[in-house]
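The structure under discussion appears below in the form of C-alpha cells.
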Amino acid sequence: MRYLTLLLIFLSGFQLAYAQEPDKTKVPDPNNDLKTVMPQVRTADTTLRRIVDELQRITDSDKQNSNAIQGLLQGREIDNITKYELIRNNIVYASETYYLLNKKIIDLKSRTTTNNLDVFITSLNNPESKELGFSLSDRIVELVEKVVLKGKADKDEKNSKIVESTKSIIASPIFQSFTSLTPPLAIANSVMNFLHSVSVNNKEINQKTLKEFEKELNKYVVYYSALNDANQKFEYGLNFNKDQLNLLHDNLYDHIMFTASALKYQLPQRGNKSIGETLNDFFFDFKKEKVVVFFNDLEVKYTKGKKIDYEALLRENPNLKEVNNQLEDLILQTKRFENLYNEYFTLLDSYYGKVNSSLKIAQDNGLADKNIIDTKQAEFRNLKDEAVKEIQASINIKELYNNTDKIKYRYRIF
123 MRYLTLLLIF LSGFQLAYAQ EPDKTKVPDP NNDLKTVMPQ VRTADTTLRR
173 IVDELQRITD SDKQNSNAIQ GLLQGREIDN ITKYELIRNN IVYASETYYL
223 LNKKIIDLKS RTTTNNLDVF ITSLNNPESK ELGFSLSDRI VELVEKVVLK
273 GKADKDEKNS KIVESTKSII ASPIFQSFTS LTPPLAIANS VMNFLHSVSV
323 NNKEINQKTL KEFEKELNKY VVYYSALNDA NQKFEYGLNF NKDQLNLLHD
373 NLYDHIMFTA SALKYQLPQR GNKSIGETLN DFFFDFKKEK VVVFFNDLEV
423 KYTKGKKIDY EALLRENPNL KEVNNQLEDL ILQTKRFENL YNEYFTLLDS
473 YYGKVNSSLK IAQDNGLADK NIIDTKQAEF RNLKDEAVKE IQASINIKEL
523 YNNTDKIKYR YRIF
C-alpha cells in the first residue's frame with residue numbers, strides 16, 4: 123500500500139507538470155480565444171466577490187467595534203453615576219452625623235449624675251445628716267462624753283470646755299469647703315488630734331481611753347472612708363471620661379474643618395468660644411438640608427442639555443472624592459463615642475456597687491439598722507435606674523447608629 127500511494131502521488135505530480143507546460147507545436151486556434159477569455163472573466167468575478175466579502179467583513183467588524191466602544195462608554199458613564207451618587211449620599215449623611223455627634227458629645231460631657239442622685243449622696247456625706255438614723259456630729263460628741271469623759275462631761279468646767287471645743291471643731295466652716303466625703307473624715311481626724319493634745323495636760327484622759335474612743339470612732343471612719351473611696355473613684359472616672367470626650371471633640375472639629383474646606387464652605391471662626399459653641403453656630407449653615415442644596419446646584423452646573431456630565435463633575439471636583447475617602451475616620455470617631463458612652467454606665471454601675479458596700483459596712487458596724495440600710499439601698503437603686511434612663515433618653519445613641527449605618531465608608535473612590 124505504501125508503494126502504491128507513492129506511485130499515485132508521483133503520477134499526479136507528473137500530470138500537473140505536463141498540463142502546465144505549453145504545447146509549442148500546436149497552431150493557435152481562433153476558436154480557442156473565447157475559451158481563453160472565459161476563465162479571465164470568472165477570475166475577475168471571483169476577485170470582485172472577494173473584495174465585496176472583505177468590505178462586508180470590515181463593515182461588520184466596524185459595527186462590532188462601534189457597539190463595543192459604545193458599551194464601554196456607557197459602562198464608564200454608569201460607573202461615574204454610581205461613584206457620584208455614592209459620594210453624594212455619603213457626604214449628605216455625614217453632615218447629619220457631624221451634627222449628631224457634636225450634640226451628643228456636649229451632652230455626655232455635661233453629665234456627672236443627676237440632681238436627685240447628687241442630693242442622695244450629699245445627704246450621706248453630711249455630718250449633720252440623719253439619713254441613716256444618726257448624725258456623725260452627735261455621735262462624736264456622745265463618744266467624747268461617754269468614752270473620754272466617762273459620763274462626767276458636766277461635772278466641772280474643764281470637761282465642759284472639752285465638749286464645747288469638740289462641738290466647735292465639728293461646726294468649723296473650714297470643713298464645709300472640702301469636697302466629696304472628706305468633711306466627716308477630716309472632722310474625725312481633727313477631733314482625735316485635739317483629744318491627744320488635751321491628754322498631755324489632763325491625766326484623766328489616758329492612752330487606754332483614747333484607744334477605746336478611737337476604736338469606736340473608727341467604725342464611722344471605715345464607713346465614711348468606703349463612701350469616700352466610692353466618690354473619689356467615680357469622680358476620677360468621670361474626669362478621665364471627660365478628658366477623652368474633649369479629645370474626641372477636638373478630632374471632630376478638625377475633621378469638620380477638613381470637610382468644610384474641601385466643600386468650599388466658610389470655616390467657622392472659633393475665637394474665644396468653646397468647640398461646642400463654635401460648632402453649634404457652624405451647623406446653622408453646615409447642615410444636611412444645605413448640603414443637599416450644594417449638590418443640587420452642582421448637578422445643575424454640569425447639566426448639558428438634559429443630561430448631567432458626571433465624568434466632568436468628578437474630574438473637576440476631586441475634593442468630593444477626598445471627603446468621601448476620609449469618612450472612615452468619622453465612623454471611627456462615632457465608635458469612640460460609643461465606647462465612652464458605655465464607659466459612663468460602667469462607671470455608674472461600679473459607683474452603685476461601692477456605695478451599697480459602704481452602706482453594708484454601716485450596718486455591719488452597728489451604725490444603722492438593717493431596715494434603714496435596705497431602704498436606702500433600694501432608694502439608691504431607683505435613683506440610679508432613673509439616671510440611666512434619663513441619660514439614655516437624652517443622648518439617644520440609636521439615633522447615631524441609624525445615621526452612621528447609611529454611610530458606605532468602605533467604598534473608596536479614586
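209 is the number that the working numbering gives to position 87 of the sequence shown; each next residue is one higher, with no gaps.
Note that beta-carbon positions come from the ideal geometry of N, C-alpha and C, so glycine has one too.
Nothing here was measured: the structure is a model prediction, and the numbers come from that model.
(request) Apply the 10 Å Cβ neighbour rule to residue 509 and answer buried if 16 or more other Cβ atoms are within range, or exposed otherwise. (result) buried
(request) Flag this pair as yes or no: are the beta carbons of residue 480 and residue 345 separated by less than 8 Å? (result) Taking 8 Å as the Cβ cut-off, residue 480 and residue 345 qualify as a contacting pair.
(message) Could you tell me the alpha carbon to alpha carbon distance between residue 392 and residue 214, rounded to whole angstroms?
(response) 24 Å
(message) Restricting to runs no shorter than 3 residues, where is the beta strand (DSSP E) found entirely within the region 445-529?
(response) Positions of the beta strand (DSSP E) runs, each at least 3 residues long and wholly inside the region 445-529, cannot be given because no such run exists.
(request) Please decide whether residue 210 counts as near chain B, where near means a Cβ-Cβ distance under 8 Å. (result) Annotation note: the requested chain B is absent from the structure, which comprises a single protein chain.
(message) To the nearest angstrom, how far is the alpha carbon of residue 452 from that of residue 504?
(response) 37 Å
(request) Measure the alpha-carbon distance for residue 195 versus residue 201 and round it to whole angstroms. (result) Low per-residue confidence applies at residue 195: pLDDT is 40, beneath 50, and the placement is therefore not dependable enough to give any value.
(message) One question on the structure: do residue 515 and residue 445 come within less than 8 Å of each other, judged by their Cβ atoms?
(response) The answer is no: Cβ separation not under 8 Å.
(request) Leaving out five residues on either side along the sequence, give the residues of the same chain with a beta carbon under 7 Å from the beta carbon of residue 255. (result) Residues 490, 491 and 494 of the same chain have their beta carbon placed closer than 7 Å to that of residue 255, with the five preceding and five following residues left out of the count.
(request) On the DSSP bridge assignment, give the partners of residue 425 in chain order. (result) DSSP, once it has assigned bridges, lists 430 as partnering residue 425.
(message) Within 8 Å, do at least three Cβ pairs link the region 283-292 to the region 256-270?
(response) yes
(request) Could you spell out where the alpha helix (DSSP H) holding residue 276 opens and where it closes? (result) Taken as a continuous stretch (DSSP letters only), residue 276 belongs to no alpha helix (DSSP H), as it is neither H nor E.
(request) With a 10 Å radius around its C-beta and 16 neighbouring C-beta atoms as the bar for buried, classify residue 417 as buried or exposed. (result) Label assigned to residue 417: buried.
(request) Can you grab the Cα-Cα spacing for the pair residue 474 / residue 350, in whole Å? (result) 13 Å
(request) Out of 278, 285 and 343, point me to the one whose CA is closest to residue 307's CA. (result) 343
(message) On the criterion of 16 or more Cβ atoms from any shown chain inside 10 Å, does residue 440 qualify as buried, or is it exposed?
(response) exposed
(request) Could you please give the first and the last residue of the uninterrupted alpha helix (DSSP H) stretch that includes residue 537? (result) Beyond the ends of the chain as shown, which are 123 and 536, falls residue 537; an answer cannot be given.
(request) Pick helix, strand or coil for residue 388, following the three-state DSSP scheme. (result) coil
(request) Under 7 Å Cβ to Cβ from residue 458, same chain only, skipping five residues before and after it: list those, please. (result) 370
(request) Give the DSSP-derived three-state secondary structure of residue 321 in the structure shown. (result) In this structure, residue 321 counts as helix in the three-state DSSP scheme.
(request) Express the C-alpha separation of residue 500 and residue 526 in angstroms, rounding to a whole number. (result) 39 Å
(message) Excluding the 5 residues flanking residue 413 on each side, which residues of the same chain have their C-beta closer than 6 Å to its C-beta?
(response) Correct list, in chain order: 214 and 217.
(request) Give the secondary structure of residue 308 by DSSP, where H, G and I count as helix, E and B as strand, and everything else as coil. (result) helix
(request) Take residue 320 as the anchor and find which of 296, 280 and 212 has the nearest alpha-carbon. (result) 280
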